[in-house]
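*Asks:* Just so we're on the same page, the working numbering is the position in the first sequence counted from 1, plus 1217. All C-beta atoms, glycine included, are put in the ideal place defined by N, C-alpha and C.
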Amino acid sequence: MDVEALARWYGRNARDLPWRRTTDPWAILLSEVLLQQTQVARGIEYWRRLLDRFPTVTSMAEAEVDEVMHLWQGAGYYARGRRLHALSVEVCAPGGPWGGDLPSPSTCDDVVAGFQSLPGIGPYTAAAVASIAHEVPAAVVDGNVRRVVARQTATLKPTAGDVTSLAQAWMDDAHGRNVPPSVWNQAVMELGATVCTPRAPRCSDCPVQQGCLARDHASGPTAFPAPAKRRVITERLVALVDVDAQGRPHLVQRPSEARFGGLWGPRYLDANDAAVVDECGRRTKAGDVVHLLSHRRLEVEVWAGQTEHGVDPANKAISTLDERVLHLAKGA
DNA sequence: AAAACGGGGCT
DNA sequence: AGCCCAGTTTT
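Pasting the structure below:
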């Protein structure tokens, strides 16, 4: 791997992303959490919203988790929002180890370990924030890096250890050639995101095509890495939507450990639940909603009824599925 | 090592 | 219709 060629390429081709214009560790941490399994275009929108309301870690620690979740609404993977709030509380805890400051080289012996000890921060995010905000030479391993490693080495299913070792060897090489860790990590990810893409890699534009074993491999670059098989499970549910005279639905807050944890929505029953016959008998069917997640297909029967005390859903965090369910029930 | 966790965009 | 996305946590 010609690390200097890739670093030069990044200097010329880096996308102008808003978090690349700041050195504030909190803003960078927020961007990395938002970008977990989320595409950049979507991350930008939520990054601006959250940073506008919570410009510092302290400002989030002083807020209620429900306010964070309301701003998180629609972004998915809601545990991220809940854990980010927990992180802010932990960092700002009086008498705690952090005293209101995120881990940094001046306060922390091992910055990567410091970040990874916090809620919602795993190996990727810890290395990303430490390298981008503090120039710690820790290699990040995300989906882009895995793909670049698999293709450079023409390895069908590289182990996590293989990927981490090679990524760190590249980082050490780059760091030794005075390429800043912030630049190197983002250069590898940028290559994966814009050139070494999953479906249609642009090998002729690639700054590290020499030495890429997948490029001229008989099965072609897209054979690497081998696709993982995934199965989708269908789940049948019944949503019970009761509305009051003012048209406001009865909502309950989901437990934090449940799917859509911490968000509000109507009551749900498993379609096989014995209580379904009784509950649906007292309501009218409003229709069906099919909601697709990456690993689940939710088939929801929506049954509408009446209640004395609905609530105003306007200031509550509600999942995209429940937005659709409530909208359907309103028409019934 | 595998499963669970959201939602949207692209081919 | 299938696959992917700047992953983390739990089992």
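So residue 1344 and residue 1329 are supposed to be a Cβ contact under 8 Å. How far apart are they, rounded?
*Replies:* Right, the Cβ-Cβ distance comes to about 6 Å (below 8 Å), so this counts as a contact.
*Asks:* Could you name the residues of the same chain whose beta carbon sits closer than 7 Å to that of residue 1480, not counting the 5 residues immediately before and after it, in chain order?
*Replies:* Excluding residues within five positions, the ones whose Cβ falls inside 7 Å are 1286, 1295, 1471, 1534, 1535, 1536.
*Asks:* Tell me the rounded alpha-carbon separation between residue 1261 and residue 1496.
*Replies:* Going from the Cα of residue 1261 to the Cα of residue 1496 covers about 43 Å.
*Asks:* Which residue spans inside the segment 1229-1274 form an unbroken alpha helix (DSSP H) run of at least 4?
*Replies:* 1242-1251, 1257-1270, all fully within the segment 1229-1274.
*Asks:* Identify, in the order they occur along the chain, each residue of the same chain with its Cβ nearer than 6 Å to the Cβ of residue 1456, setting aside the five sequence neighbours on each side.
*Replies:* Counting only Cβ-Cβ distances below 6 Å, and skipping sequence neighbours, we find 1483, 1485, 1517, 1519, 1542.
*Asks:* On the DSSP bridge assignment, give the partners of residue 1502 in chain order.
*Replies:* Residue 1502 is bridged to 1520.
*Asks:* Please classify residue 1358 as buried or exposed, where buried requires at least 16 neighbouring CB atoms within 10 angstroms.
*Replies:* Residue 1358 is buried by the Cβ-count criterion.
*Asks:* How about residue 1545 and residue 1488: are their beta carbons less than 7 Å apart?
*Replies:* No, they are not a contact pair.
*Asks:* Looking only at C-alpha atoms, which of 1442, 1219, 1335, 1327 sits nearest to residue 1274?
*Replies:* With distances taken between Cα atoms, residue 1274 lies closest to 1335.
*Asks:* So what's residue 1341 in DSSP terms, helix, strand or just coil?
*Replies:* Looking at residue 1341 - three-state DSSP - the assignment turns out to be helix.
*Asks:* Take the Cβ of residue 1525 as the centre, count every other Cβ of all protein chains shown within 10 Å, and call the residue buried at 16 or more, exposed below.
*Replies:* Residue 1525 comes out exposed.
*Asks:* Between residue 1224 and residue 1452, what straight-line distance do the alpha-carbon atoms span, to the nearest angstrom?
*Replies:* Approximately 47 Å between the Cα atoms of the pair.
*Asks:* Smallest Cα separation from residue 1245: which of 1290, 1288, 1267, 1227?
*Replies:* The residue with the shortest Cα to Cα distance from residue 1245 is 1267.
*Asks:* Using the three-state DSSP reduction, which class does residue 1396 fall into: helix, strand or coil?
*Replies:* Coil at residue 1396, not helix or strand.
*Asks:* What are the boundary residues of the beta strand (DSSP E) that residue 1457 is part of?
*Replies:* 1450-1460 is the extent of the beta strand (DSSP E) around residue 1457.
*Asks:* Which two residues bound the contiguous beta strand (DSSP E) that contains residue 1484?
*Replies:* First-last of the beta strand (DSSP E) with residue 1484: 1484-1487.
*Asks:* Does residue 1434 pass the burial test, meaning 16 or more other C-beta atoms within 10 Å, or should it be called exposed?
*Replies:* Under this definition residue 1434 is an exposed residue.
*Asks:* Classify residue 1251: buried if its beta carbon has 16 or more other beta carbons within 10 angstroms, exposed otherwise.
*Replies:* By the 10 Å Cβ count, residue 1251 comes out buried.
*Asks:* Helix, strand or coil: which one does DSSP assign to residue 1465?
*Replies:* DSSP places residue 1465 in coil when its eight states are reduced to three.
*Asks:* Considering just the uninterrupted stretch of the alpha helix (DSSP H) at residue 1539, what are its terminal residues?
*Replies:* From DSSP, the alpha helix (DSSP H) with residue 1539 extends over 1537-1547.
*Asks:* Assign residue 1528 to one of three DSSP states: helix, strand, or coil.
*Replies:* Coil.
*Asks:* Under the assumption that residue 1288 contacts residue 1264 (Cβ atoms under 8 Å), give the Cβ distance between them as a whole number of angstroms.
*Replies:* 11 Å between Cβ atoms; not a contact.
*Asks:* Measure the C-alpha to C-alpha separation of residue 1436 and residue 1371 and round it to an integer number of angstroms.
*Replies:* Between residue 1436 and residue 1371, the C-alpha separation is close to 10 Å.
*Asks:* In or out: residue 1351 buried (at least 16 other Cβ within 10 Å) or exposed?
*Replies:* Classification of residue 1351: buried, given that the 10 Å Cβ count is 16 or more.
*Asks:* Excluding the five sequence neighbours on either side, which residues of its own chain have a C-beta within less than 6 Å of the C-beta of residue 1380, listed in chain order?
*Replies:* Here the set comprises 1358, 1363, 1366.
*Asks:* What residue from 1340, 1348, 1306, 1368 has the CA that sits closest to residue 1444's CA?
*Replies:* Taking only the C-alpha atoms, the option nearest residue 1444 is 1368.
*Asks:* Comparing alpha-carbon positions, which option in 1411, 1272, 1229, 1521 lies nearest residue 1548?
*Replies:* Comparing Cα-Cα distances from residue 1548 to each of 1411, 1272, 1229, 1521, the minimum goes to 1521.
*Asks:* Based on Cα-Cα distance, which residue from 1249, 1378, 1398 lies nearest to residue 1354?
*Replies:* Checked all of 1249, 1378, 1398; the closest Cα to residue 1354 is 1398.
*Asks:* Short check: CB of residue 1337 to CB of residue 1304, under 7 Å?
*Replies:* Yes, the pair counts as a contact, with Cβ atoms nearer than the cut-off.
*Asks:* Return helix, strand or coil for residue 1401, following the three-state DSSP convention.
*Replies:* Residue state, collapsed to three classes: helix.
*Asks:* Is residue 1514 helix, strand or coil when you go by DSSP?
*Replies:* The answer is strand: DSSP assigns residue 1514 an E or B state.
*Asks:* Please state the DSSP three-state secondary structure of residue 1434.
*Replies:* Coil.
*Asks:* Using a 10 Å radius around the Cβ and a threshold of 16 neighbouring Cβ atoms, would you call residue 1395 buried or exposed?
*Replies:* With fewer than 16 other Cβ atoms within 10 Å, it is exposed.
*Asks:* Using DSSP with H/G/I as helix, E/B as strand and the rest coil, what is residue 1470?
*Replies:* Strand.
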